[in-house]
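Student: In this note's numbering, the protein residues as written are 121 to 393. C-beta atoms are modelled at their ideal positions from N, C-alpha and C, and glycine is treated no differently. Right, I'll just put the structure down here and ask away after.
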């Protein structure tokens, strides 16, 4: 697995609802990502809903042998920017079957519980995914938007291959989860990986100028230096931004630059992923 993936939430319409304004452009972005060597694409049935998965299949199926498609389930979408929990076993079983159909797959490589449902026990949700794994509908089970307690409880039921939480160099609420994942050999997928605040932006710009790179590339380089289990998935609907993001994998920060960035801690406004 290469160190940078692609997050496919933003190839949908406004409010993560409906098709994008230019579906052909979204298809071109997805194809360009694979051309650039990206071999991990992250999506969810709630992106659109369904639109992101359908566009991925349109652009890339039949898939290259080394391409990993990760999707998620556990939300309902009543409307634009509206999300309601449903991680019941029945919903998850239906969600997996729907994702298999839309993605044109016989088995989903990585299936993530999108978020724990306060009305359903975590054990019931994870056990449903474990049963689907036993039926070869899912290759690997994963989690998203979880605390360490959730991970430990889930691991008593099934092996967890990755955790996806909000995380960036300036937003490190989940630092301890990154450390836990590194200790246990679990991949950590940071969403909102380019988040920053005003002080952070000034520092990014300074370091970017030293390397003749962009601030976004510096932010991604920090994540890659933070831990070997880190798999950032910056998303975009622009080929230009995609190419810029992928180039960040070759940027090497000095230890001093890394420490400077690590000293910044702000909590930016977050969005759902």
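Does residue 234 come out as helix, strand or coil in the three-state DSSP assignment?
Tutor: It is coil, neither helix nor strand.
Student: Would you identify the three-state DSSP class for residue 342, choosing helix, strand or coil?
Tutor: Looking at residue 342 - three-state DSSP - the assignment turns out to be helix.
Student: Once you ignore the five residues that flank residue 269 on each side, which residues in its own chain have a CB closer than 6 Å to its CB?
Tutor: Closer than 6 Å at the Cβ level, and outside the excluded window around residue 269, lies no residue.
Student: Within the region 276 to 349, note down every full alpha helix (DSSP H) run reaching 4 residues or more, in order along the chain.
Tutor: Qualifying alpha helix (DSSP H) stretches, in chain order: 295 to 304, 318 to 331 and 335 to 346.
Student: Going by C-alpha distance, which of 296, 291 and 243 is nearest residue 267?
Tutor: Residue 267 has its Cα closest to that of 296, out of 296, 291 and 243.
Student: Three or more C-beta pairs closer than 8 Å, one from the region 237 to 254 and one from the region 285 to 303: is that the case here?
Tutor: Taking 8 Å as the limit for Cβ pairs, the verdict is that the region 285 to 303 does not touch the region 237 to 254.
Student: Output needed for residue 369: all residues of its chain with C-beta closer than 6 Å, excluding positions within five of it in sequence on either side, in chain order.
Tutor: These residues qualify, in order along the chain: 123 and 124.
Student: Here's a check: name, in chain order, each residue in its chain whose Cβ is nearer than 7 Å to the Cβ of residue 200, leaving out the five neighbours to either side.
Tutor: 134, 135 and 137.
Student: Does the count of Cβ pairs from the region 211 to 230 and the region 259 to 266 closer than 8 Å reach three?
Tutor: Yes, the region 211 to 230 is in contact with the region 259 to 266.
Student: For the ligand FMN, is there any heavy atom lying closer than 8 Å to the beta carbon of residue 247?
Tutor: The ligand FMN is not among the ligands present in this structure, which contains no ligands whatsoever.
Student: So, under 8 Å CB-CB, residue 207 and residue 162 are touching, yes? Tell me the CB distance rounded to an integer number of Å.
Tutor: No, residue 207 and residue 162 are not in contact; Cβ-Cβ is about 18 Å, not under 8 Å.
Student: Could you work out which residue in 166, 189, 169 and 168 is closest to residue 177 when comparing CA atoms only?
Tutor: The residue with the shortest Cα to Cα distance from residue 177 is 189.
Student: Given this structure, state the Cα-to-Cα distance separating residue 336 from residue 236, to the nearest angstrom.
Tutor: Taking the straight line from one Cα to the other gives about 30 Å.
Student: Assuming residue 349 contacts residue 308 (C-beta within less than 8 Å), just tell me the rounded distance between them.
Tutor: With a Cβ gap of about 5 Å, residue 349 and residue 308 count as contacting.
Student: Which one or two residues does DSSP pair with residue 164 in a beta bridge?
Tutor: DSSP, once it has assigned bridges, lists no residue as partnering residue 164.
Student: Buried or exposed for residue 191, please, with buried defined as at least 16 other CB atoms from any protein chain shown within 10 angstroms of its CB.
Tutor: Burial call: buried.
Student: At the level of alpha carbons, what is the spacing between residue 310 and residue 214?
Tutor: Using only the alpha carbons, I get a separation of about 27 Å.
Student: Can you list, in chain order, the residues of its chain with a C-beta nearer than 6 Å to that of residue 168? Leave out the 5 residues immediately preceding and following it.
Tutor: Excluding residues within five positions, the ones whose Cβ falls inside 6 Å are 132.
Student: Determine the burial state of residue 334: buried for a count of at least 16 other Cβ atoms within 10 Å of its Cβ, exposed for fewer.
Tutor: With 16 or more other Cβ atoms within 10 Å, it is buried.
Student: Note down the Cα distance separating residue 195 from residue 175, rounded to an integer number of angstroms.
Tutor: Those two C-alpha atoms are separated by around 19 Å.
Student: Excluding sequence positions up to five away, which residues of its chain have a Cβ less than 6 Å from the Cβ of residue 187?
Tutor: Around residue 187: 159.
Student: To the nearest angstrom, how far is it from the Cα of residue 382 to the Cα of residue 345?
Tutor: About 11 Å.
Student: Per DSSP, which residues does residue 211 bridge with? Please list them.
Tutor: Its beta-bridge partners do not exist; DSSP assigns none.
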